[in-house]
Structures are given as C-alpha cells and as structure tokens.
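The numbering of the sequence shown is my numbering, which starts it at 1136 and goes up by one.
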Amino acid sequence: MLRFFLCRMGPSEAHHAESSLSVICLEIHSHAKMMLDALMLGMRRITLSKSAYIKLVEGSKQNEISLEDTKNLLKFYQEMTSLTGQQLSWDYQAAAFPYEMEEREQDGIRYLLLTGKNPAKYYYLMIGTGQETETGTHYIQIVLPDNATHGDKAKANEFSKFLAKQLKAELHLFNGRIMYFNERKGK
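Okay, structure coming up:
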C-alpha cells in the first residue's frame, strides 16, 4: 500500500517521503532494540508495544507468580496438546508449541527463551516475571522480538490467553486491549 502511494507522487516528493520513512523505521527499530536490550540488562518493566502482560489482580487464582510457575504452566500446555494429538493420531503438540524452551539468566534476571524449531515460521519469544513497584501487582511479561514472524505473534497471543485463563488474570494484549479472566466485583 505504501509503494502505491509513493508511485503516485512526483519523483522528488517520493524520494523525500521514502527517506523520511527510512528515518522513522530506523528510529523505531533502534528504539525497539534499546527496549529489548533494557529487558536483557535487568529493567523489569518496559513500555514496548510488543509486550503482553498477564497481571495477577484481585480475583486471580494466586497473588504471586514465579518463573518456575510459568514454566510449569507452559509444560502443562504442552502435555495437554500432546494428549489431544494422541486422540487425533496426529502430532498436535509439535504444531501447538513449535518452540524449544530454555531458562536463561543475564545480570541476575531469569527469563524463558522460546526458540522456534522452524526459524522460517517461528523466531523466538521471551517470557519473564516481575512485580509492579507502584501497586505490588505480580505479572508475566511476554516479549515479541522486533523481527517476530506472524507465527510468533499468533503463538504469543495464544500463550498469553492460555496463561491468563489458567491464572484467572487480567491480560494486557500486544495491541493495548485488555481481557479480563478474573472474577470482577460489580459485573
């Protein structure tokens, strides 16, 4: 759609718009990289549009969450999809969870790195846990890399909804929308 727009402009206008677009893309890319680097360097909460948060609020199953709890929930997801696959006589687990999960630590910060088994379809996701300083609310953060594939985005949404449903939590999606899986007062 952008190319069509540039083709309808005159040559000098198209060149100016294209160079401005390159600068904007470069600024967005460097900002996103800086934010991902900040996560890796230990800043617990980042405001990146490519993050989803599963918040343990009032009405959630539990008040706190650890990385080990999160890892166990993802293993439960794998077991569940494996059993579904057995019923269907199909390796559904491989399609439902196309990642290798490993725990990593950098500068004292532990996180899960989900690396895609097929890099053409799935690159990687990062999952960490934290606590908001203002409210004390515990949360799980799922981070999409800057170069995430459509498959990564779909799986990140699927995993975040699964985790939020299991924990009866409040889910802040990548697009800024909020889904409530917790019991709320005054329905």
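From the three backbone atoms N, C-alpha and C, an ideal C-beta is built for every residue, glycine too.
Ends of the beta strand (DSSP E) at L1247? As a position in the sequence shown, residue 1247 is number 112, starting the count at 1. Its beta strand (DSSP E) spans residues 1244-1251.
Please state the DSSP three-state secondary structure of Y1212. The sequence position of residue 1212 within the sequence shown is 77, counting from 1. Y1212: helix per DSSP, three-state reduction.
So, do the region 1188-1208 and the region 1308-1317 have three or more beta carbon pairs nearer to each other than 8 Å? yes
Taking all protein chains shown into account, do 16 or more other C-beta atoms lie within 10 angstroms of the C-beta of S1201, making it buried, or fewer, making it exposed? Numbered from 1 along the sequence shown, position 66 holds the residue referred to as residue 1201. Exposed, because fewer than 16 other Cβ atoms sit within 10 Å of the Cβ of S1201.
Give me the DSSP bridge partner(s) of I1275. The sequence position of residue 1275 within the sequence shown is 140, counting from 1. I1275 is bridged to I1189, T1264.
Might you give, ordered along the chain, the residues of its own chain that have their beta carbon closer than 8 Å to the beta carbon of K1206, omitting 5 neighbours on each side? On the sequence shown, position 71 is the one that residue 1206 refers to. The residues are M1236, E1238, L1247.
Within a Cβ cutoff of 8 Å, which residues of the same chain sit near L1308, ignoring the five residues on either side of it in sequence? Sequence index remark: in the sequence shown, residue 1308 carries index 173 (1-based). Once the five neighbours on either side are set aside, the close Cβ partners of L1308 are A1187, N1292, S1295, M1314.
Using DSSP with H/G/I as helix, E/B as strand and the rest coil, what is Y1227? For the purposes of this step, residue 1227 is taken as residue 92 along the sequence shown, with counting starting at 1. Helix.
Tell me whether E1203 sits in a helix, a strand or coil according to DSSP, three-state version. The residue given as residue 1203 occupies position 68 in the sequence shown. E1203 falls in the helix class under three-state DSSP.
Please look up how many angstroms separate the CB atoms of L1302 and I1277, rounded, as I've assumed it's under 8 Å. The count along the sequence shown starts at 1 and reaches residue 1302 at position 167. The count along the sequence shown starts at 1 and reaches residue 1277 at position 142. Contact flag wrong, Cβ pair sits at about 13 Å.
Counterpart residues of Q1241 in DSSP-defined beta bridges: Counted from its first residue, the sequence shown places residue 1241 at position 106. Q1241 is bridged to I1244.
Do K1256 and P1233 come within 8 Å of each other at the CB atom, strictly closer than that value? As a working note, residue 1233 is residue 98 in the sequence shown. As a working note, residue 1256 is residue 121 in the sequence shown. For P1233 and K1256, yes; Cβs fall inside 8 Å.
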